[in-house]
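In my numbering, the protein residues as written are 21 to 169.
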Amino acid sequence: MKITQIIIKYSIIITLLIGGFFLLSKLLGVHDNPYLRFLNLIFVVVGIRQAIKTNIEFNHDTNYIANLGIGLQTGAAAVIFSIIGVIGYIEFINPEFLLTMNKSFLIGGNLSLAEVFITLLIEGMASSFIGSFIVMQFYKNHDKVLASL
Numbered sequence: 021m022k023i024t025q026i027i028i029k030y031s032i033i034i035t036l037l038i039g040g041f042f043l044l045s046k047l048l049g050v051h052d053n054p055y056l057r058f059l060n061l062i063f064v065v066v067g068i069r070q071a072i073k074t075n076i077e078f079n080h081d082t083n084y085i086a087n088l089g090i091g092l093q094t095g096a097a098a099v100i101f102s103i104i105g106v107i108g109y110i111e112f113i114n115p116e117f118l119l120t121m122n123k124s125f126l127i128g129g130n131l132s133l134a135e136v137f138i139t140l141l142i143e144g145m146a147s148s149f150i151g152s153f154i155v156m157q158f159y160k161n162h163d164k165v166l167a168s169l
């Protein structure tokens, strides 16, 4: 499986998981709870792990830097796709959600849509960066384990 296919596949899966979780929380009436946004990190880490694991299994690539790069790219693409979804939701479905986001302690203040975009980008990239390094701790000696078998 090509690296670009892996990155696109798992970034779309992450985006769908985050979007599905948001829709579920909206149906349950808890979408304005800012603490639930922390659960998005779980979706990001799981998606990054699957992307790295897929690269190791299908391409037999155990290089730390290469797999870290796949994790970072997968997370970054998922962040961009998710932010596009949030902007679409605010612009076309529920413009009042921007007020809800501004009231949350995570964003706070009276930010414009562009400022919220930048905030979500920084927040998402940080979680992707941290998630990639966390996952790579489990795979950093993977090539040594395979060689000893």
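Glycine included, C-beta positions come from ideal geometry on N, C-alpha and C. This one's a predicted model, so the numbers in the text were calculated from it and none came from an experiment.
message: Quick check on the burial criterion: 16 or more other C-beta atoms within 10 angstroms. Buried or exposed for residue 113?
response: exposed
query: Under the rule that 16 or more other beta-carbon atoms within 10 Å means buried, what is residue 42, buried or exposed?
result: buried
Sufficient close CB pairs (3 or more, under 8 Å) joining the stretch 92–99 to the stretch 26–42: yes
query: Which residues in the same chain have their Cβ closer than 7 Å to the Cβ of residue 84, if we skip the five residues on either side of it in sequence?
result: 156 and 160
message: Does residue 122 come out as helix, strand or coil in the three-state DSSP assignment?
response: helix
- prompt: Which whole-angstrom value is the C-beta distance of residue 63 and residue 37, which I expect to be below 8 Å?
  reply: Your pair residue 63 and residue 37 checks out as a contact, with CB atoms roughly 4 Å apart and the cut at 8 Å.
- prompt: So residue 61 is in the alpha helix (DSSP H); what residue range does that whole segment cover?
  reply: 60–79
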